[in-house]
Amino acid sequence: MAGAMTELMCAKCGGLADGWKCAICGSEALQHDSNHLHVGSDRYCTLKCAQCEEADVLCTCVG
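Each residue of the sequence shown is one higher than the one before, counting from 5 in our numbering.
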């Protein structure tokens, strides 16, 4: 289906995601950047939670 949008969800709280955010340095992007890496860590460019605006692995919406 042309023009269909897929809604991305925060992996931690299940809410909507709004772009992408690095869990280490905090840089943000509209599209996933698979080249944004930090040596020695698996946390890098990941979905940004629309509610708390944190990278999904750092989401503060759930306790």
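Glycine included, each C-beta is placed from N, C-alpha and C at the ideal position. Keep in mind that this is a model prediction, so the values were computed, not measured.
Coil, strand or helix - L34 by DSSP: Along the sequence shown, read from residue 1 onward, the residue named residue 34 stands at position 30. Coil at L34, not helix or strand.
Contact under 9 Å by Cβ, A21 with E11: As a working mapping, residue 21 is identified with position 17 in the sequence shown. As a working mapping, residue 11 is identified with position 7 in the sequence shown. Yes.
Reduced DSSP secondary structure (H/G/I, E/B, other) of D46: In the sequence shown, residue 46 corresponds to position 42, counting from 1. It is coil, neither helix nor strand.
Residues near L51 by beta carbon distance below 7 Å, same chain, minus five either side: As a position in the sequence shown, residue 51 is number 47, starting the count at 1. Once the five neighbours on either side are set aside, the close Cβ partners of L51 are L12, C14, A15, A21, W24 and D60.
Buried or exposed (CB count within 10 angstroms, at least 16 for buried), C29: Start at 1 with the first residue of the sequence shown, and residue 29 comes out as number 25. When all chains shown are included, C29 counts as exposed.
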